[in-house]
Structure formats: C-alpha cells, structure tokens
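Counting from 1 along the sequence shown, just add 38 to a position and that's the residue number in my numbering.
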Amino acid sequence: MVGLGPVGITLCNLLASQGIRVEGVDAASEIYSLPRAIGMDHEVMRIFQSIGATDALAGAIGDYRPSEYRSEQGILLRRFESPPEPYPLTWPPYLTFLQPELERVLRQNATKFPTLTLRPGLELIELKNPDEPILTLRDKATGEITTRAPSFVVGCDGGNSFVRRSLDISFEDLDFHEPWLVVDMIVEDEHTPLPQTNIQFCSPARPHTYVIGPGRLRRWEFMILPGENADEVNRETRIWELLSPWLRPDRARLWRSATYTFHALVAEKWRTGRVFLAGDACHMMPPFLAQGMVQGVKDTANLSWKLAHALRGGSERLLDTYEAERRPLLREIIEITKRLGRVICELDPEKARARDAELIAAMEAGQGVQIRQNLFPPIRHGLIGRGVNGSLSPGAGEPSPQPWVAGPGGRTRLDDMLPRGFVLLFAGDIDVPPALLGQARELGVAVHRIARSPSERAPLTEEDGLLANWLSAKGACAVLVRPDHMVFGTAGDMRDAEGLLRELRSGLAA
Ligand SMILES: Cc1cc2nc3c(=O)[nH]c(=O)nc-3n(C[C@H](O)[C@H](O)[C@H](O)COP(=O)(O)OP(=O)(O)OC[C@H]3O[C@@H](n4cnc5c(N)ncnc54)[C@H](O)[C@@H]3O)c2cc1C
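Dropping the structure here:
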C-alpha cells in the first residue's frame, strides 16, 4: 500500500483483517495535521465496524447537525437533514470527526493484525513494470534504498499521486477550481452564541461555510476572492477580521488554518496491470457534501474483497469490476457536488438573486428539505444482479440494511453476527429448499434467516423490522449481499434466489 492517509490505512486494515500480508508505506513520518475532513457517513462507520475500530473511534466523533443554505439576507434556501430512526445501518447517517484523530485510531487499530506492517517515513521513488510491479523505496531518515516485488500495489498516495503519474494516467478535469481558506477554532465553551446548524452562507460578497465539529471545534471556510492572495488571507489578523461577525478573540482560540484549491477531477483509469489507484489519487472533489474521504474509504471496501479473492486463487478479471463500479459512480457524485458548489460559490449579485428566488420557490413548494444520502446513486455497473431481462435487480448496488438484532449475547449489529463474505438473507420464518442451500454452499455463500418478531423461528430476530420492511419495499423475500455489504440483488421467490446465485457464479468465474 502506498500512502497511509485515511484511505491507505483503511485498506491496510481491511486486507489484514482477512489474514492477507500487507505492507503500508508513507513518505511522511507523521500524520498530516492541518484541517481537512470533518464529516463522514454511516457506510464508512460500517466499514470501520468491520475492522473492529468503532469503539476506539467513539471519543473522536460527534453528531452531525443539519446543513442549511442561507442567502446574504439570511433567508433559508435549502436544508439537508438526516433520516429519522431506526437508522438504515444502525449508525447515525452522518457524523462529525477530526481527520488526524481518525487516522491515529486507524493506525492504532492496525497493530491488532500480525500480517500488517506499517512503515511511515518510507517514500516510493520508482514504480516499474505494473504487470509484475517492482517498487523502489527510500527511507527518508537514513536515505537507505530498498526494493519490493509485491503481488499487487494500491496507490493511495493522495491528489498528487506518484503512483498515478508513474502509470502515466491523467485526470479528467471536470472544471471546478476554487481557492478557499479553512479555519478551525476552539470556542471557549459550547454555549458560545453561534448558529446551531451547519450553514453555507451563499453570499456573493464572499461565500463561506460554518460547520459544527466535535466538542468545542467550530470550522469556518471562506472563499478566496479573485485578486486576493492566499497567504495574505491566511494571516491571523485577517482571519479575525473575517470571523468578526461571530467571534471575538476572548471567546475562542485559533487552532489551525490552511488554504486549498478545491478541484473536481477523476482519473481516466484506475488500474494498470496489478497496480490500482484509490482515494484522492483517483478522484478529487470540493468538500461541499463532505464526500472526498468518504468515497475514498468506500473505494477500499470495494477493492479489498476483490483483491482477497484474487490472492486466494480467484479470477483476476473480478478486479476489473472495481473501476467499472466505482468510476462512473464517482463521476456522478463529483458532478452533484460541483453543482452544489456552483450554487454556493456564485459571485455575481444578479445571478445570486435569481438563484435565491429559485431556491426560495423550491422551499415554498416543499422541495427544499432533503436527505443527504438520497442525493447519491447506487452502483449500476459491474458485479451486480441483473435478472433475466437485463434490468437491475431491485435494490442492487445499494448498501444492504443493517438492523439491530437480538442474539444470544444481547442487542448486536447484524454484520457482527454474520460471517464475512457473500450472504443470502431471508426475512422471517421461511423454509429454504435443500437444493438452494446446496447451490449456495458450493459458491461459499452463507444463508441466514432473520426473524421479524420473536414468535418466528430463526436464530436471529431483528428490531424495528428494518430488513423486512426494506425487502417488502423491493417486492422481495431475500437479498444477496456482497462482502462489502453492497446488495448484489434481491429475490421475489426461491426461483429468483436460484437465479441470483447462478448469476453470481458466472460473474465470479468471468
Ligand atoms: C478543507 C477540506 C475539507 C474536507 N472535508 C471533507 C469531509 O468533511 N469529508 C470527507 O469525506 N472528505 C473531506 N475532505 C477530503 C479528504 O480530506 C480527502 O479526500 C482525504 O484526505 C483523502 O485521503 P487519501 O488517503 O486518499 O489521501 P491523503 O490523505 O492525501 O493521503 C495520501 C498519503 O500518501 C502519502 N504519499 C504521497 N506520496 C507518496 C510516496 N511517493 N510514497 C509514499 N507515500 C506517499 C502522503 O504522505 C499521505 O500521507 C476535505 C478536504 C479538504 C481539503
């Protein structure tokens, strides 16, 4: 693994937790400490759950408040909220955290796995022959040069990726480049009078953002206007001027600040031979929907089980589905983020007035309050169920629901009660025919029944009917879930379930 930012360290943990031997190197000897990611979603928490890191993370995360867009005059233009409980994956749909803290927890978590070695301070300086990769590494402290010939390489080495450049892969430029100042403040106490929601101030005089972080952290992000100099804007006196509508120096401490240019970019290719790209190395987007790291971590969940499959002798062709599934999805997500970014970053007062009028009309028509997760499409390509007529199986490519279940040891999250790998889940007290069980066993697919109430016979009983309701909304009695917890497909009856298993068999063998 090249790069131990949040994406590289998650992939190291995921692979090592499956018993795979992994070495992770990073050119830097310390974790990057300037302000970056502050929001993540429940799918990412579920990935951290699968590597056993969520208890250690508990102290570093907090509730994510609703986000509002406000006009220059303070009028509400749009609002993003979380869905109500029961949460579809048991975790709150959005959470706040501090990126360096998260990375520290994930590096600590990595020490649990005997097959994983982390080497901070080791820089990749040459990558040759991607079909059978040879890496040259330099120890930053001693200057010692060593080489490696691993089975696979994943470049998680950030936006300026050396791995991507070595493979001569360029970024497709999706045309968004905006410089911003990011300021993290520690407020005196949690009662400092400040807004109680996150806010995008869509002011054409200077678009800016306010985010409530964990504990006493409050973040402001200010657009750097045409003609301004980033270093000048990032001086302490200037920062206090920008903050003066909210804070005086006796009410808060300036913790850290940085300037960035936000881009919208996606790599043309995500794989060459046995070398892959993940995270910022293959996609970058402005942070207006807090998706950069989130999507990078989702890359790792997608890639890790496919690498494990190949390393255990499975077809390497499955690895092509990584780019086939993730690249088009990322392109769409970047376009959505960019569209919202354009709304926020409007500097022309006339266009801003027209935008405000349009958004206020949408609010009045009841269309202005949205659930953030509903903005994002499912996986539509790659290894997902299509059924006989070729259209996507209902629910395919979405995260599978994770209900709370009552098990022998008390209340538990469903994933923690299931084996790793493919799982075929039936809701309720249903007889699964022996032929179907045999077909699943041959493919290594575990079959489980989840009761909707204690009166039904099944080893596990779900709370709240989350899975049963999700299945019935899809017109299904069963769901085939992939090792990354994404839905392969749903089945309306036993024949459909057999069809799904047949489809999976041919997909894995292809
Ligand atoms: C202001 C701001 C706010 C953000 N907010 C959010 C948010 O709320 N939510 C969200 O999901 N995302 C957010 N992001 C995006 C998020 O920070 C990035 O997407 C994330 O850090 C990418 O992680 P990564 O591991 O891919 O890359 P990085 O974190 O950049 O890590 C790359 C690593 O590779 C190492 N490396 C580089 N070259 C080499 C080499 N040659 N050899 C060895 N190692 C090398 C580097 O030292 C580094 O440690 C934000 C970004 C910014 C700037």
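Ideal Cβ positions, reconstructed from N, Cα and C, are used throughout, including at glycine.
Note that the coordinates shown come from a computational prediction; the quantities given were computed from them, not determined experimentally.
Check	Outcome
Residue range of the unbroken alpha helix (DSSP H) whose run includes P44	44 to 54
Boundaries (first-last residue) of the beta strand (DSSP E) holding K166	160 to 166
Start-to-end residues for the beta strand (DSSP E) that takes in E119	114 to 119
Bounding residues of the alpha helix (DSSP H) (the contiguous stretch that carries H80)	80 to 88
DSSP state of D502 mapped onto helix, strand, coil	coil
R103 and Q238 closer than 8 Å at C-beta	no
When A187, D177, L162 are compared against F200, the one with the closest alpha-carbon	L162
Residue from L345, G513, A94, E306 whose Cα sits closest to the Cα of R203	E306
I76 Cβ short of 7 Å to ligand 1 heavy atom set	yes
Separation of L509 from R540, as counted between CA atoms	21 Å
8 Å Cβ cutoff met for Q333 and H347	no
Distance, E170 Cα to P188 Cα	8 Å
Same chain only: Cβ atoms within 8 Å of A91, ignoring 5 sequence neighbours per side	N51, V143, L144, N147
Three-state secondary structure (DSSP) of E170	coil
Simplified DSSP state of N236, which is helix, strand or coil	strand
Reduced DSSP secondary structure (H/G/I, E/B, other) of R364	helix
Residue of V220, P521, R451, N507 minimising C-alpha distance to G459	P521
Cβ-heavy atom distance, G100 to ligand 1, below 7 Å	no
Contact belief for I371 with F414 at Cβ below 8 Å, rounded distance in angstroms	6 Å
Inter-stretch contact at 8 Å, needing at least 3 Cβ pairs: the segment 66 to 77 / the segment 291 to 298	yes
Classification of L133 by the beta-carbon crowding that lies within 10 angstroms, buried from 16 upward	buried
Secondary structure, beta strand (DSSP E): runs of 3+ residues fully inside the segment 418 to 458	442 to 445, 448 to 451
Cut-off 6 Å between Cβ atoms - residues of its own chain near T622, not counting five sequence neighbours on either side	Outside the shown range of the chain (39 to 548) lies residue 622, about which nothing can therefore be said.
heavy atom of ligand 3 below 7 Å from F86 C-beta	This structure lacks ligand 3; the ligands present are ligand 1.
Test item: CB-CB of I262 and V249 under 8 Å	no
Sequence-distant residues of the same chain with beta carbon closer than 7 Å to G420, five excluded per side	T359, A362, E363
The segment 105 to 120 in contact with the segment 173 to 185 per 3-pair CB rule at 8 Å	no
G265 versus L49 - alpha carbon distance	41 Å
Any non-hydrogen atom of ligand 1 closer than 7 Å to D318 Cβ	yes
Beta strand (DSSP E) segments (min. 3 residues) lying fully within the segment 231 to 312	236 to 240, 246 to 250, 255 to 261, 290 to 305
Identity of the residue in L315, E384, P158 nearest D195 by Cα	L315
CA-to-CA distance, L456 to A514, given in whole angstroms	20 Å
7 Å Cβ shell around L474 - same chain, five flanking residues per side excluded	M532, A535, E536
Environment of P439 [buried if 16+ CB atoms lie within 10 Å]	buried
Cβ neighbour criterion (16 or more within 10 Å) applied to A243	exposed
Residue of G352, A268, K336, H301 minimising C-alpha distance to H215	H301
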